[in-house]
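Asker: I have a structure here, written as structure tokens, and I will follow up with some questions on it.
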Amino acid sequence: MSAAGQPGDLLTRFLARIIDGILVGVVSGIILGFLGIAAWGMGGRGGSWFMSVVGTLVSVALALGYYAFMESTRGQTVGKMLLKLRVQNLEGQNPTLEQALRRNAFLAIQVVSVVPILGGIISGLASLAAVIYIAVTINNDTATRRGWHDQFAGARVVKTG
Numbered sequence: 030m031s032a033a034g035q036p037g038d039l040l041t042r043f044l045a046r047i048i049d050g051i052l053v054g055v056v057s058g059i060i061l062g063f064l065g066i067a068a069w070g071m072g073g074r075g076g077s078w079f080m081s082v083v084g085t086l087v088s089v090a091l092a093l094g095y096y097a098f099m100e101s102t103r104g105q106t107v108g109k110m111l112l113k114l115r116v117q118n119l120e121g122q123n124p125t126l127e128q129a130l131r132r133n134a135f136l137a138i139q140v141v142s143v144v145p146i147l148g149g150i151i152s153g154l155a156s157l158a159a160v161i162y163i164a165v166t167i168n169n170d171t172a173t174r175r176g177w178h179d180q181f182a183g184a185r186v187v188k189t190g
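Quick note: the sequence shown uses the numbering used here, first residue 30, plus one each step.
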């Protein structure tokens, strides 16, 4: 019997998110490297805090854009393709762009890290809390394995094979 259409389990979803995180991190690092070189070439005006803000905003926008675009157009990110998972709305179609943005909105918590002194700590703890809550809600929903972010977006993750 095929596993296609069955809810995606927590471990497989976690591994897909790690693959995507590595991909987004590498692309983000390359872009930020070029921005850093450009800033250095302009004499470094603007200071390190400003570059930190720009870097954070670029990284968050890239991550949100990647997940929203891939999920709304293909139903899958690269990690989900490799691990045979698909994001669907409750009608079985690819989620809309709005649904994909809502599903991944928790990533925007990272923007708080630009706040001087405590921003990084608050952002890190809030991101950790969001990920833990997602894992707990996926694990507790034994029927559909929908996390709070899936419920918020009207989406689900299913196995494709």
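Yeah, the Cβ is synthetic: ideal placement off N, Cα and C, and Gly gets one too.
Source: prediction; values computed, not measured.
1. Report buried or exposed for Gly104, applying the criterion of at least 16 other Cβ atoms within 10 angstroms of its Cβ.
2. Report the residue from Leu126, Tyr95, Val160, Thr85 whose alpha carbon sits nearest the alpha carbon of Ala184.
3. Which residue from Ala172, Gln35, Ala97 puts its Cα closest to that of Gln128?
4. Is Ala67 buried or exposed, if buried means 16 or more other CB atoms sit within 10 Å of its CB?
5. Given this structure, state the Cα-to-Cα distance separating Leu157 from Gly149, to the nearest angstrom.
6. Label Leu93 either buried or exposed according to how many other C-beta atoms from any shown protein chain fall within 10 Å of its C-beta, with 16 as the threshold for buried.
7. Would you be able to state if there are at least three C-beta pairs under 8 angstroms between the segment 129 to 140 and the segment 165 to 178?
8. Find the nearest neighbour of Gly50 within the set Leu136, Gly190, Pro36, judged by alpha-carbon distance.
9. Look up Asn123 in the DSSP assignment and say whether it is helix, strand or coil.
10. Using the rule of at least 16 other Cβ atoms within 10 Å of the residue's Cβ for burial, across every protein chain shown, is Val186 buried or exposed?
11. Ala184 bridges to which residues according to DSSP?
12. Write down the C-beta distance between Gly108 and Ile48 rounded to the nearest angstrom, noting that I regard them as a contact closer than 8 angstroms.
13. Excluding sequence positions up to five away, which residues of its chain have a Cβ less than 8 angstroms from the Cβ of Val82?
14. Leaving out the 5 sequence neighbours to the left and right, which residues in its chain are closer than 6 angstroms to Ala182 when beta-carbon positions are compared?
15. Expressed to the nearest angstrom, what Euclidean distance is found between the alpha-carbon atoms of Ala45 and Leu111?
Answerer: Taking the structure as given:
1. Sequence index remark: in the sequence shown, residue 104 carries index 75 (1-based). By the 10 Å Cβ count, Gly104 comes out buried.
2. Residue numbering aside, residue 184 sits at position 155 when the sequence shown is read from its first letter. Per the Cα distances, Leu126.
3. Position 99 of the sequence shown, counting from 1, holds the residue named residue 128. Per the C-alpha coordinates, the member of Ala172, Gln35, Ala97 positioned closest to Gln128 is Ala97.
4. Stepping through the sequence shown from its first residue, residue 67 is reached at position 38. Answer is exposed; the Cβ neighbour count stays below 16.
5. Residue mapping note: residue 157 aligns to position 128 of the sequence shown, counting from 1. Residue mapping note: residue 149 aligns to position 120 of the sequence shown, counting from 1. Near 12 angstroms, if we compare the C-alpha coordinates of Gly149 and Leu157.
6. Numbered from 1 along the sequence shown, position 64 holds the residue referred to as residue 93. Leu93 comes out buried.
7. Result yes; three or more Cβ-Cβ pairs closer than 8 angstroms.
8. Stepping through the sequence shown from its first residue, residue 50 is reached at position 21. Considering only alpha carbons, the answer is Leu136.
9. Position 94 of the sequence shown, counting from 1, holds the residue named residue 123. Three-state DSSP puts Asn123 in coil, outside helix and strand.
10. In the sequence shown, the residue the question calls residue 186 occupies position 157. Around the beta carbon of Val186, 16 or more other beta carbons lie within 10 angstroms, which makes this residue buried.
11. Reading the sequence shown from its first residue, position 155 is the one you call residue 184. Asn118, per the DSSP bridge assignment.
12. Locating residue 108 in the sequence shown gives position 79, where the first residue counts as 1. Locating residue 48 in the sequence shown gives position 19, where the first residue counts as 1. 3 angstroms between Cβ atoms; contact.
13. Taking the first residue of the sequence shown as position 1, residue 82 is located at position 53. Only Val143 meet the Cβ criterion.
14. Here residue 182 refers to the residue found at position 153 of the sequence shown. These residues qualify, in order along the chain: Gln128, Arg131, Arg132.
15. Looking up residue 45 in the sequence shown gives position 16. Looking up residue 111 in the sequence shown gives position 82. In this structure, the alpha-carbon of Ala45 lies about 8 angstroms from that of Leu111.
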